[in-house]
Every structure is written in C-alpha cells, then in structure tokens.
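K.L.:
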Amino acid sequence: MEQWFSLKWFTLDMLRSYEWVYPYFLYALPAIPFLFWLRSAFHRKHRQRLIITYNKERSRMDWLTLLRFFQPICIALALALIFIALARPQIVSERTDQFSEGIDIMLLIDISDSMLEKDLSPNRLEAAKKVACQFIQGRLQDRIGLIIFAGEAVSLCPLTTDYELLYGFLDEIEPTMIPTAGTAIGSALAVAVNRMRETSGESKVAILISDGDNTSGNLGPTTAAQLAKAFGVRVYSISVGKTRKLIKASDSLNVSNAVVDESELQKIADLGNGKYFRATDNTTLGSVFKQINQIEKVKSRNVVSRDVRDYYRVYLYWAITLLLIALSTKSTFMANILED
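Under numbering that gives the first Met the number 0, the residue at position 149 of the sequence shown is numbered 148, and the numbers go up by one with no gaps.
1) Which whole-angstrom value describes the C-beta separation of A227 and V192, a residue pair presumed to lie in contact below a C-beta threshold of 8 Å?
2) Under 8 Å by Cβ, that's how I've got T214 and T182 pegged, so tell me the actual separation to the nearest angstrom.
3) Sorted by chain position, which residues of the same chain lie with C-beta nearer than 6 Å to L85's C-beta, five sequence neighbours on each side aside?
4) Measuring straight from C-alpha to C-alpha, what distance separates F33 and I74?
5) I'd like to know if the region 78-97 and the region 302-318 are in contact, where contact means that at least 3 CB-CB pairs between them fall below 8 Å.
6) Under 7 Å between the Cβ atoms of I102 and G200?
7) For Y310, which three-state DSSP category applies?
8) Going by C-alpha to C-alpha distance, which of T283, N281, T282 and Q265 sits closest to Y275?
9) Among L145, D306, E151 and V287, which one has its Cα closest to the Cα of P157?
10) Which first and last residues belong to the beta strand (DSSP E) in which R233 is found?
11) With H, G and I counted as helix, E and B as strand and the rest as coil, what does DSSP make of F69?
12) Tell me the DSSP bridge mates of G101?
13) Quick one: grab the DSSP three-state call for N301.
14) Distance, Cα to Cα, V130 vs V302?
15) Between the Cα of Y235 and those of T221, T179 and I206, spot the shortest distance and give me the residue it belongs to.
16) Give the single residue among Q70, Q225, A152 and V287 whose Cα lies nearest to the Cα of G352.
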C-alpha cells in the first residue's frame, strides 16, 4: 500500500474514485458535530467556574486560546475517519477479456493478368484486396494466412494473428510478383491444405478468389479439393468479374478450351464442403465476404476480471494517530481542566 500519511487520501478526486461497500456509515458523519453539541449541553450546568477579574486587554483570542480546541477537533476527525473506514472504501477496476475458438483461414488470391480487368472498380485485383482487408478487420483472434497464385502458387504470409502484417502484404500484392502466366488454382489450394493440415484450429477454411479455370500447375483443382476435404479444410470459392475470362494460348496447353465457365470453381466448393459465390461488382463481392463471415462465426466468450483494492486501513491509521494525539494532550495546557 502507498504511504498512508499522504494528504492525497483526502482530496475530492480521491474520495470520488471510491466504491463504498457499506455507504450507510457515511450518513453518520453529520451526527458528529451534534454529539459534541449534546456533550456541551449536558455539561453546561455542571461546569466548574473560576471567578477572576475581567481584563479587556487579555480577552483577545490568541493562539494559546485556540489550542484549547485542538483536542476536541482531533477526536471529531478521528470519529469521522472511523466512519469512513467502516464504510470500506475500495477502488474497483474491471477488465473484459474476450476469448474465442480460433479459426484457421487461408486467403487464396488470383493475381494473374486477367485480374486487372476493370469490370470491378478500380480492377478485380484491387477490389479483392480491399474486401479481404475488410474481412480481416471483422475477425477475432483467428489465424489468417495469404497465398497468391498465377501460373504457380506462392505462400506470401503464413497463418498469423498479426493482422497489421497481413494488411501490409495485401497492400503490396501486384501481378508482377509471379511472372509465370496461367492460373494454378489446384496448386494454390494444395499449398493452403499443406499449411493447415497439422494446425490445431477449431475450424479450417480456404477462401479462393479467382476469375477463371485452372490452366497451369502440377495438381488439378479436383484432386486438391479432395485433399482439402480429407484434411478437414472447407473451401469457399469466389468467381469475380462480369465477363468470362479468355485464356491466351500461352496460358493453357488446351487452346481449344479458350472460353472459361464457372463450373470448375463450383465443383471445387462442392468437393470442399464449402460454397460457391459469384461476384460481378464491388458491392456483391463485399456481400460475399459478409456471408462467409457469418457462416464462419467465431464462438467467443467474455471473461470479466475485477481488481479490488481496499483503502479502509489508510483512514483507520489516521484515526488511530489522531486519537493518540488527543490522548497525549489530555494533561497539557491544550486541555481545559475545569471541564473535566
């Protein structure tokens, strides 16, 4: 405990900061002057009087005369402090800690050249990055990782709860980060499964954002989706853009399959026990992530901890000190022996 003899214990701010366990003792404080008045009234007729010659020059109040009031003031203050101590002043600080069953989430973002199409504002990639940041802001204690892919897949950020780090990585994403042309959806999903297969998260989720079919990589998306299901990873696939993606001959070995449909992303979601979404504009893309956020809701609980500090001892120590001072002055010039 801090030094009890400091005068800060009697400041208005300090007294206002207290919570009183037994506040009804404070109602007795106004009774203290009344008790002294009763004592004076009962003893008035029985006081001993010493008749002396009146001298006007000596009738002035001086410090020695005022010291006669020192003892009753000490006793009155001691009684007041005893009542304050009995009211048991406390300072209570509360802290609410929120705990959740963490979910492991991997964001898989297509950064191929076609993601620069401007049918979303300002383009598909920037729109995907923006809603990904908003999605991260809505999560609580989830571990989130980031994978980018074009002709190959790269794990840009492992699972982490450092969301500021994730924002930094998302902001730096550019199509030039992977020079290999194509769309390796299967490879990206396989990297995500490999990152999450031995994690201890309550739930494991992969969110795949792309605008086309798998055109490169060593592993097919169907096989990757089956692996995800085997390791308990739920896959949500999101197709972005208003128009179908046209694949260049350099992007695919099968040039005849140049026009892409949405069936592959739909199949990935079905095999991965997830859900397929179609986002044709920024608003729809934002609502898709809101839906996923609601589906993968974290089970959280609030734990309220209270830190209680008692300060009644401070005022009890002051009361004892004042009583001792009053007793020590009982037989001195400060006491009026004619009233005893």
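Heads up, the beta-carbon is just placed ideally off N, CA and C, and yes, glycines get one too. This one's a predicted model, so the numbers in the text were calculated from it and none came from an experiment.
P.N.:
If we stick to the structure as given:
1) Taking the first residue of the sequence shown as position 1, residue 227 is located at position 228. Taking the first residue of the sequence shown as position 1, residue 192 is located at position 193. Contact holds; Cβ gap of about 5 Å.
2) On the sequence shown, residue 214 is found 215 positions in, with the first residue counted as 1. On the sequence shown, residue 182 is found 183 positions in, with the first residue counted as 1. About 5 Å separates the two Cβ atoms, so the contact holds.
3) Numbered from 1 along the sequence shown, position 86 holds the residue referred to as residue 85. Residues of the same chain with a CB within less than 6 Å of the CB of L85, apart from the 5 flanking positions on each side, are F24 in chain order.
4) Here residue 33 is taken as the residue at index 34 of the sequence shown, counted from 1. Here residue 74 is taken as the residue at index 75 of the sequence shown, counted from 1. Cα-Cα distance, rounded: 14 Å.
5) Yes, they touch.
6) Translated into the one-based positions of the sequence shown, residue 102 becomes position 103. Translated into the one-based positions of the sequence shown, residue 200 becomes position 201. Yes, the pair counts as a contact, with Cβ atoms nearer than the cut-off.
7) As a first step, residue 310 is located in the sequence shown; it is residue number 311 there, counting from the start. It is coil, neither helix nor strand.
8) Indexing the sequence shown from 1 puts residue 275 at position 276. That would be Q265, whose Cα lies nearest to the Cα of Y275.
9) As a first step, residue 157 is located in the sequence shown; it is residue number 158 there, counting from the start. Of the listed residues, the one whose Cα sits closest to P157 is L145.
10) Counting from one through the sequence shown, the residue named residue 233 turns up at place 234. R233 -> beta strand (DSSP E) spans V232 to V239.
11) In the sequence shown, the residue the question calls residue 69 occupies position 70. In the structure shown, F69 sits in a helix (DSSP, three-state: H, G or I).
12) Taking the sequence shown and counting its residues from 1, the one referred to as residue 101 is at position 102. The bridge partners DSSP lists for G101 come to none.
13) As a first step, residue 301 is located in the sequence shown; it is residue number 302 there, counting from the start. In this structure, DSSP gives N301 an extended state, which the three-state scheme calls strand.
14) Taking the sequence shown and counting its residues from 1, one reaches residue 130 at position 131. Taking the sequence shown and counting its residues from 1, one reaches residue 302 at position 303. Rounded to the nearest angstrom, the two C-alpha atoms are 31 Å apart.
15) For this step, residue 235 is matched to residue 236 along the sequence shown. When each option's Cα is compared against that of Y235, the closest is I206.
16) Past the edges of the chain, shown from 0 to 339, lies residue 352, and the structure says nothing about it.
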